[in-house]
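Have a look at the structure below before the remarks.
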Amino acid sequence: SRDGIELIIEVSDKDKAYRSLRHLGKCRAFELIPYIALQCEVRDAEKLASIKYRNATDHTLMRRFRSALEHIVSIEPAAKVSIPPMRAGINYSITIDEKLWNLENIGAYEAQKQFLGDGILVGIIDTGCDYTHSEISKNFGDEKGFDFVRNNSKPMDLNGHGTHVAGTIAGRNCGVAPGAKLYAIRVLDEDGSGSEATVMLGIEWALKKKIQIVNMSLGAPDYSDAFKELCYYASKHGLIMAAAAGNDAAPTYDYPASFPPVISVAAVDSRNRHAYFSNINDLVDISAPGIDIISSYPGGGYRMLSGTSMATPHVTGTIALALSAGIRPSAVEDKMKDTAQHLYEEGVPREAFGAGLVRADLLVSDRIQESKIVRVLREQYSSEAWRRWR
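If you're matching positions, the sequence shown starts at 1 in the working numbering and goes up one per residue.
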């Protein structure tokens, strides 16, 4: 490519390796795992690899790379990540108070009578967001997020994908959790493509900012050990991750969705039938609406789009509702699967749907019941008896 190649290098001493590699190209060190991303010319990458793995003994090469090699444990090419391929969208005008079938089907309107995702921090790792759009502008604070493509703090969406995803998560008319606080983490360019390394930097940023859930409506058919390691690290440190299962209409795996700590989301239509493009594999966790989804689009308008990209934010929004209802982060995925609506379709493998259709209303219904009981107990007993009961 015009940028050469990007490598993900495991190192034994990050500072020393960084100093000795940066003359080769653009170097970015990860903070939470012992890896460095290096963008360099293909010929330099080949030389590094040949000395490391083939024990090549070209002395001029050895001199140039010696100090770096002392600290390199392994070298892998970074996977190219993109938004899953989608049909072109249709522009749409939305009327206030219009009930959207996708929110109806997952019980979002019912759940919103009690919980809105208030104060839950959600990161959208995507193409950026049009945070000036009236549908989502109130969900963004002073800090909009971060743009890892241009390296600044204005992660504006030049593609449209991230803005559409944001509207489904938290839009005031078309969102599952309109009370959630959003951060746009731009890792994909205007064409919707980028590098695994940039996605990883986005995940690290989310962890640093104490974001509770990230939505990753993106993927790649392969991955580096570093990406997998970071997703396990993030999960262990409390970050909930939802990602698109992929639109290849095939029994293939997309990453990060197919990493076990990440929730892999498949798509269904308005009648809960399997979306023809949605990948089918044994690592799909759950399904959500993903065909003809209306949501915000840059410039103040709305658009109808289809894809597992559109299904994923329904799950992210539902998790935000659940967290605001007081469900523990460590319990939310299992509870979401337990309350999913089982789906069956003639001729479609069971695993296509994962646990079934995500149901926001059923997920939070226990909490609604519990709060009613608590209210009655508070009213009927003195504070002393109430404290003892607790």
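All C-beta atoms in this analysis are idealised placements derived from N, C-alpha and C, irrespective of residue type, glycine included.
Note that the structure is predicted; figures quoted are calculated from it, not measured.
Quiz item: If you drop the 5 nearest sequence neighbours on each side, which residues of the same chain put their C-beta closer than 7 Å to that of Tyr18?
Solution: Cys27, Ala29, Ile36
Quiz item: Helix, strand or coil for Leu404 per DSSP?
Solution: In this structure the chain extends from 1 to 390, so residue 404 is not present and cannot be described.
Practice problem: Would you mind sorting Ile136 into buried or exposed? The rule is 16 or more other CB atoms within 10 Å of its CB. | Solution: buried
Practice problem: Locate the beta strand (DSSP E) running through Met241, then write down its first and last residues. | Solution: 240-244
Quiz item: Taking just the CA atoms, how far does Gly300 sit from Asp285?
Solution: 33 Å
Exercise. Examine the Cβ distances between the region 275-289 and the region 246-255 and report whether three or more of them are shorter than 8 Å.
Key: yes
Self-check item: Helix, strand or coil at Asn91 according to DSSP, with G and I counted as helix
Solution: strand
Quiz item: With contact counted as at least three CB pairs below 8 Å, one residue from each stretch, are the region 316-324 and the region 105-119 in contact?
Solution: yes
Practice problem: May I ask you to verify whether the region 100-108 touches the region 191-203, counting CB pairs closer than 8 Å and requiring at least 3? | Solution: no
Quiz item: Is the region 309-318 close to the region 212-221, with three or more CB pairs under 8 Å?
Solution: yes
Exercise. Use the C-beta contact count for Arg144: other C-beta atoms within 10 angstroms, 16 or more gives buried, fewer gives exposed.
Key: Sequence inspection shows Lys at residue 144; the Arg mentioned does not correspond to that position. Flag for Lys144 reads buried.
Quiz item: What three-state label does DSSP hand Phe146 in the structure shown?
Solution: strand
Quiz item: Unbroken alpha helix (DSSP H) runs of length 4 or more, entirely within the region 189-270: which are they?
Solution: 196-208, 225-236
Quiz item: Three or more C-beta pairs closer than 8 Å, one from the region 228-243 and one from the region 254-265: is that the case here?
Solution: yes
Quiz prompt | Cut-off 7 Å between Cβ atoms - residues of its own chain near Lys208, not counting five sequence neighbours on either side | solution = none
Practice problem: State the Cα-Cα distance for the pair Leu7 and Ser20, rounded to the nearest angstrom. | Solution: 15 Å
Quiz item: What number of angstroms, rounded off, separates the C-alpha of Val348 from the C-alpha of Thr252?
Solution: 15 Å
Quiz prompt | Helix, strand or coil at Met156 according to DSSP, with G and I counted as helix | solution = coil
Quiz item: Within the chosen definition, does the region 171-181 reach the region 146-161 through at least 3 CB pairs nearer than 8 Å?
Solution: no
Quiz item: Which term fits Asp126, buried or exposed, when burial requires 16 or more other beta carbons within 10 angstroms of its beta carbon?
Solution: buried
Quiz item: Pick from Leu32, Asp13, Glu46: whose alpha carbon is nearest that of Gly4?
Solution: Glu46
Practice problem: Provide the residue span of the alpha helix (DSSP H) that contains Lys99, from first to last. | Solution: No alpha helix (DSSP H) holds Lys99; DSSP gives it neither H nor E.
Practice problem: Assign Ile398 to one of three DSSP states: helix, strand, or coil. | Solution: Within the shown structure, residues of the chain are numbered from 1 to 390, placing residue 398 beyond reach of any answer.
Practice problem: Run the CB neighbour count on His161, radius 10 Å, all protein chains shown included, and call it buried at 16 or more, exposed below. | Solution: buried
Self-check item: Element boundaries [beta strand (DSSP E), containing Asp469]
Solution: With the chain covering only 1 through 390, there is no way to say anything about residue 469.
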